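With this note's numbering applied, the sequence shown covers 696 to 912. Idealized CB from N, CA, C, for every residue including glycine. None of the values given here were measured: they were computed from a predicted structure. Structure record follows, encoded as structure tokens.
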Amino acid sequence: MTDDQVEPFFATLRAANPLPTTELEFTTPFELLVAVLLSAQATDAGVNKATRKLFPRANTPRAILALGQEGLEEYIKTIGLYRSKAKHLLETCRMLVERHGGRVPRTREELESLPGVGRKTANVVLNVCFGEETMAVDTHIFRVANRTGLAPGRNPLEVENGLLRRVPKEYLVDAHHWLILHGRYVCVARTPRCWECAVIRYCDWQPKTPPPGASRA
Ligand code: SF4
Numbered sequence: 696m697t698d699d700q701v702e703p704f705f706a707t708l709r710a711a712n713p714l715p716t717t718e719l720e721f722t723t724p725f726e727l728l729v730a731v732l733l734s735a736q737a738t739d740a741g742v743n744k745a746t747r748k749l750f751p752r753a754n755t756p757r758a759i760l761a762l763g764q765e766g767l768e769e770y771i772k773t774i775g776l777y778r779s780k781a782k783h784l785l786e787t788c789r790m791l792v793e794r795h796g797g798r799v800p801r802t803r804e805e806l807e808s809l810p811g812v813g814r815k816t817a818n819v820v821l822n823v824c825f826g827e828e829t830m831a832v833d834t835h836i837f838r839v840a841n842r843t844g845l846a847p848g849r850n851p852l853e854v855e856n857g858l859l860r861r862v863p864k865e866y867l868v869d870a871h872h873w874l875i876l877h878g879r880y881v882c883v884a885r886t887p888r889c890w891e892c893a894v895i896r897y898c899d900w901q902p903k904t905p906p907p908g909a910s911r912a
């Protein structure tokens, strides 16, 4: 993808979805942090199903601590790795109460010091809750950035840095949402749906997937 193609690439994604957001359901920074912690190797739909029951009962660090390991597991047992996620979440809640007055901290350093919170989770919270220009590179963004030639990289950090260098300023806050949604629904892992892709003209990937029923050129 040439430099001249980057702006129209994002303008096209924005035109189709002017106000993109995460598909995880939340109403507070703490709820988002919990949802992101639970979402590792799980679908957003699966996490939402669990948090729709959990959050009305407990949506603060103190309330989740009061549930205890077994109580919390009851709410999240439909999600993969739920035992270790429950353990991390309780440890995180304890630290939030002891060190941050029960609030979600606003710096990367403080966020990443929480159990189970890595760079990607911190990037999501900083971006979605606090409007920072971060790129939470998940499997979808990693794939789209490499296939299209937007920000090729061998690991998530290389892709993150490439995106931060290449995405025009006006698209930086929302870019990771557009890329995730594009990867989740159009530029899917196994066979990208190039025939219905709005940004096909800016994408380096070859060969493009023909429409179903058509023979590959
Ligand atoms: S043209 Fe195909 S490979 Fe390129 S971004 Fe679109 S779906 Fe992905």
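Environment of residue i [buried if 16+ CB atoms lie within 10 Å]
i	result
Gly826	exposed
Tyr777	buried
Ser734	buried
Thr787	buried
Gly796	exposed
Ala831	buried
Cys878	The sequence shown places Gly at residue 878, rather than the Cys named in the question. Gly878 comes out buried.
Thr816	buried
Asn712	exposed
Asp698	exposed
Leu852	exposed
Closer than 7 angstroms: residue i CB and nearest ligand 2 heavy atom
i	result
Pro713	Ligand 2 is absent from the structure shown, which contains only ligand 1.
For ligand 1, which residues count as neighbours when the test is a C-beta closer than 7 angstroms to any heavy atom? Val839, Arg842, Thr843, His877, Val881, Cys882, Pro887, Arg888, Cys889, Cys892, Val894, Ile895, Cys898, Trp900, Lys903, Thr904
### Query
Going along the chain, which unbroken runs of the alpha helix (DSSP H) with 4 or more residues stay wholly within the stretch 851 to 910?
851 to 861, 867 to 880
Every unbroken alpha helix (DSSP H) within the stretch 747 to 793, with a cutoff of 4 residues, ordered by chain
756 to 771
### Task
May I have a chain-ordered list of the alpha helix (DSSP H) segments no shorter than 4 residues that lie completely inside the stretch 817 to 850?
834 to 843
Checklist entry - Do the stretch 719 to 737 and the stretch 795 to 812 meet, that is, are 3 or more Cβ pairs less than 8 angstroms apart? => result yes
Quiz item: Can at least three beta-carbon pairs, one atom from the stretch 833 to 840 and one from the stretch 801 to 812, be found at a separation below 8 angstroms?
Solution: no
Decide yes or no for the touch test of the stretch 882 to 896 against the stretch 740 to 753: beta carbon pairs closer than 8 angstroms, at least 3 of them. no
Contact the stretch 700 to 712 vs the stretch 891 to 911: 3+ CB pairs below 8 angstroms:
yes
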